[in-house]
Structure formats: C-alpha cells, structure tokens
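Novice: Take a look at this one; I'll ask things after.
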Amino acid sequence: MIFTKIKIDNFYLFKDFEYDLTFPRLLSGHNKDNIFDGIYPYGKSLKYKKVNIIIGSNASGKTTFGTLLNNIQNLLYGNTLFLEKIINDKTTESIIEIEFYLDKYFGMYQLKINNDNDLNLSTAKETIKLVTILKNDNKRKLNNKLSLEKGFEMASTFYNNEFKSEIIKNKIESDMTIQKLMDDNISFNYRTSKYLKNNDTNISLNKELLNKVLCSIDNSVKDISLSYKDNEFNDYRINFKNGDSILIEDGNISKANSERLSSGTIQAIYLADLLANYKQTKIKYLDEKMCNMHAELENAIIIKLAEITENTQQLFITTHSESVLDLNIPIHAIALFKRDDYINLINPSLIFKKNDRNLNTYIKNDYFNTYPSYNEIWEMELKKHE
C-alpha cells in the first residue's frame with residue numbers, strides 16, 4: 335500500500351486535516367531524477383511522494399500521525415481498532431479517509447464513526463472503492479474512474495469502542511476478498527516512541543549491518559560478535575575498543591545494559607534492524623529515530639534510506655532538525671507540522687513556485703509560524719540559589 339492522500343477529522347487533535355502525497359509536476363529548480371520522488375510501476379507516470387520529511391516541534395502531532403496511520407493499516411489488515419482514546423469530541427462525527435495504490439488497484443477507504451456515550455454504543459459507516467490501474471491511466475484518469483465507481487458501503491454498530499471492519503470481507507474477484515488483497519499487499523514498519531515503550535523489540539542479527547552501522551555512529555565500538563544456539567544466531571555481543579563488551583540476549587535490546595549504551599548507539603541498533611528488513615515492508619515510519627545522532631550523520635542516513643526505497647515503498651521520517659533542509663530535497667517532500675488548538679499541516683510547495691533552497695532560512699525565521707512560543711519561559715521568575 336502506498337498512501338496518496340490522507341484526510342482526518344476528529345481523530346486525536348486532527349480537524350479538517352488533509353495530506354496530499356502526490357504531486358502533478360516538479361517545481362522549477364529541481365532534478366527530475368531525484369531519489370526522493372516515486373513513480374508507481376502501474377499506469378502512466380503516477381508520481382507520488384516516496385520519501386516524506388515531516389518537521390515539527392515537540393507535541394506538534396508527528397508521533398500521533400504515525401500512530402493513527404498504523405491503526406488504520408492494522409484495521410484493514412483485519413485487526414481491532416480501539417477508539418476510546420483516539421476520538422477527540424465524542425459528540426460529533428469522526429472521519430478518516432485514505433486514498434492509496436495497492437498492487438494493480440487505485441483505491442479509497444473511508445470510515446465514519448458516531449458515538450452514543452449513554453449507551454456506550456457506536457455506529458460506523460465504511461466505504462471502500464477499488465479501480466484497476468490500466469497501462470495508460472494517469473492520476474487524473476484514476477480520480478475520474480474512482481469518482482464513478484460505486485464500490486462497497488456498509489453500516490454497523492459496535493460496543494465498548496472496539497471496532498472491527500466488516501467491509502473487507504467483500505469479494506472483488508471470485509476468489510479474492512478485500513481482506514485477502516490487503517493481507518497480500520499491506521506491510522508496514524512504524525517506529526514511534528510509543529512503539530518502543532510497548533514492545534521488547536528483537537533485533538535482526540545481521541552481523542555485517544550491525545558492524546557497519548554501529549562502528550560508523552559510535553567510534554568506541556570495535557566490532558560485533560554473534561553466538562549460536564541450536565544452529566541459529568541467538569545472542570550478540572558489542573565489543574568496545576577498551577576491552578569492555580555488552581551481551582544482547584536473544585537479540586533483545588531491552589535486556590542490554592542501557593548505562594553503557596548511549597541513546598545514539600541504541601538508535602543505531604534499531605536502524606540496523608530496519609535496514610536488515612527494509613525490503614520486506616511497504617510503509618516505513620521513523621519517528622525521531624535519529625534525534626540523538628549528529629546532524630550530518632542523520633542527513634547521510636536519510637540519503638541512504640532514500641536511495642534504497644523502491645517505487646513500491648514509502649518512507650516517512652519525522653525530525654526536529656532543520657539541517658535536513660540543507661539536503662537537495664524537493665520542496666514537495668517537506669511537510670511542516672504545528673499545533674495550535676488542533677494539529678495543522680503546512681505544505682511549503684503550495685506557497686513557493688520553485689524549489690527554493692532558502693526554505694531553511696524561512697523556517698528559521700519562523701515564516702510559517704511553526705515555532706513554539708517561548709514567552710512563558712522568558713517570563714518565569716526563578717529564585718537564585720543563595
């Protein structure tokens with residue numbers, strides 16, 4: 335699955351939120367053969383935002399956005415969506431709508447939720463449309479075909495804020511249900527702070543990658559050694575140049591001595607795991623996963639990730655660091671998140687008519703009003719230690 339558009343209303347703090355992940359043409363001043371843009375392999379020149387850099391301050395909605403996308407993909411995969419904590423105003427309708435490429439199809443899924451707090455009863459209305467992508471179909475043709483497609487609609491009721499999709503049980507072919515199509519083509523890897531808190535992540539024991547990544551990021555590391563159990567890799571040991579070592583039992587980083595490993599080194603281990611499994615997933619969401627690395631190193635890793643991301647994959651990277659703007663990134667690959675009463679998205683490519691290399695300067699001068707207010711900090715009255 336490749337996202338082409340995401341609309342959210344009344345889930346978390348999203349209100350009338352829309353994120354378009356396609357672009358009609360390259361802006362002036364940018365190379366058409368760049369590594370950040372994708373061309374979907376079906377149809378005719380179906381351009382999409384393959385690599386997406388989301389920049390925002392703390393609590394601007396970056397993690398929340400990734401969490402919601404993860405929830406929706408899990409729902410389409412056949413899992414339960416738990417709504418109690420993700421609907422903002424329970425007295426009004428909540429809507430999420432996604433458009434996507436999925437194998438040979440262009441599709442749309444919409445979910446509308448209405449709540450009745452007194453009865454702890456909710457109603458859901460699902461809509462899904464799928465049209466086959468033909469050889470000469472461009473995005474405009476596909477949009478027209480989708481608007482004319484009747485698709486499937488289904489209404490249901492559910493209790494206790496636990497919703498499971500029923501519409502995915504419909505058949506699109508004699509031997510193919512929507513759920514089977516989703517099962518065969520949805521694969522994702524969401525790495526958010528919530529993910530790391532709730533999962534004891536086992537790291538893929540790829541010695542070559544671990545050596546390359548760790549030794550590049552932490553120059554105190556000498557090498558990685560693996561141990562075997564029942565003819566399989568089981569544990570690995572990080573060996574340091576001063577003779578110290580740390581055993582990672584069962585490949586589980588949560589069992590390591592966190593006092594010896596810096597935050598940047600732990601992030602490097604997770605990065606090596608991501609790289610080891612990179613081709614196996616379509617959607618990747620890295621939420622501040624390089625925030626403890628040097629800015630130039632983070633930029634180098636972003637370039638490498640963009641290079642290996644294929645035209646059937648999509649990568650989201652969230653960051654605080656404005657140094658990523660020093661890279662030759664197409665302006666339409668940049669999204670700015672800010673939060674006032676609600677989470678807002680600013681698309682610089684709708685404001686600038688060319689790929690402006692001075693975008694970094696505009697952001698640093700808070701042209702988009704995305705910086706948090708520091709007034710209360712300056713106005714704090716702190717007593718000096720006597």
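Residue numbering for the sequence shown follows our numbering, beginning at 335 and increasing consecutively. Cβ coordinates follow ideal geometry from the N, Cα and C atoms, glycine included.
1) Considering Cα atoms alone, identify which of D569, Y439 and F574 is closest to C549.
2) Leaving out five residues before and five after E431 in sequence, what residues of the same chain have Cβ atoms less than 6 Å from its Cβ?
3) Do you know whose CA, among I677, L670 and Y676, lies nearest Y696's CA?
4) Rounding to the nearest angstrom, what Cα-Cα distance links D607 and R525 in this structure?
5) Give a yes or no on contact between the segment 367-380 and the segment 657-671, applying the rule of three or more CB pairs nearer than 8 Å.
6) Determine the extent of the beta strand (DSSP E) in which S550 is found, giving its start and end residues.
7) Check whether the Cβ atoms of S655 and A629 lie closer than 7 Å to each other.
8) Sorted by chain position, which residues of the same chain lie with C-beta nearer than 6 Å to L609's C-beta, five sequence neighbours on each side aside?
9) Residues in the same chain with beta-carbon distance under 8 Å from K616, minus the five sequence neighbours each way, listed in chain order, please.
10) Output the distance between the C-alpha atoms of I551 and Y604, rounded to the nearest integer angstrom.
11) Going by DSSP, which residues form a beta bridge with S490?
12) Tell me which same chain residues have a C-beta within less than 6 Å of the C-beta of N533, skipping the five on either side of it?
13) Would you be able to state if there are at least three C-beta pairs under 8 Å between the segment 341-354 and the segment 435-443?
14) Relative to the alpha-carbon of E352, which residue among I501, L679 and D450 has its alpha-carbon at the smallest distance?
15) Cα-Cα, which of I467, F486, L480 and L455 is closest to E496?
16) Does the beta-carbon of F486 have 16 or more other beta-carbons within 10 angstroms, so that it is buried, or is it exposed?
17) Leaving out the 5 sequence neighbours to the left and right, which residues in its chain are closer than 7 Å to Y374 when beta-carbon positions are compared?
18) Am I right that M488 and I501 are in contact with their C-beta atoms under 8 Å? What's the rounded C-beta distance?
19) For T599, tell me which candidate among T401, L631 and T425 has the shortest Cα-Cα distance.
20) Ignore the nearest five residues each way along the sequence and tell me which others in F650's own chain have a CB closer than 6 Å to its CB.
21) Using the three-state DSSP reduction, which class does E500 fall into: helix, strand or coil?
22) Got a sec? Which residues, its chain only, sit under 8 Å from N470 by beta carbon, not counting five neighbours each side?
Specialist: On the basis of the data shown:
1) F574
2) These residues qualify, in order along the chain: K341 and Q444.
3) L670
4) 11 Å
5) Counting Cβ pairs under 8 Å, three or more are found: they touch.
6) Here S550 belongs to no beta strand (DSSP E); instead the alpha helix (DSSP H) covers K541 to I551.
7) yes
8) Cβ neighbours of L609 beyond the five flanking positions: L543.
9) M335, I336, N519, I520, S521, F522, T646, Q647 and Q648, listed in sequence order.
10) 12 Å
11) A458
12) Note that N533 scores 46 on pLDDT, short of 50, meaning its location in the model is unreliable; the coordinates nonetheless yield the value given after this. Contacts found: none.
13) no
14) Of I501, L679 and D450, the residue nearest in Cα terms is L679.
15) L455
16) buried
17) I336, L380, Y382, Y435 and N645
18) 4 Å
19) Residue L631 is the option with its Cα nearest to T599.
20) N386 and Y619
21) coil
22) G377 and K378
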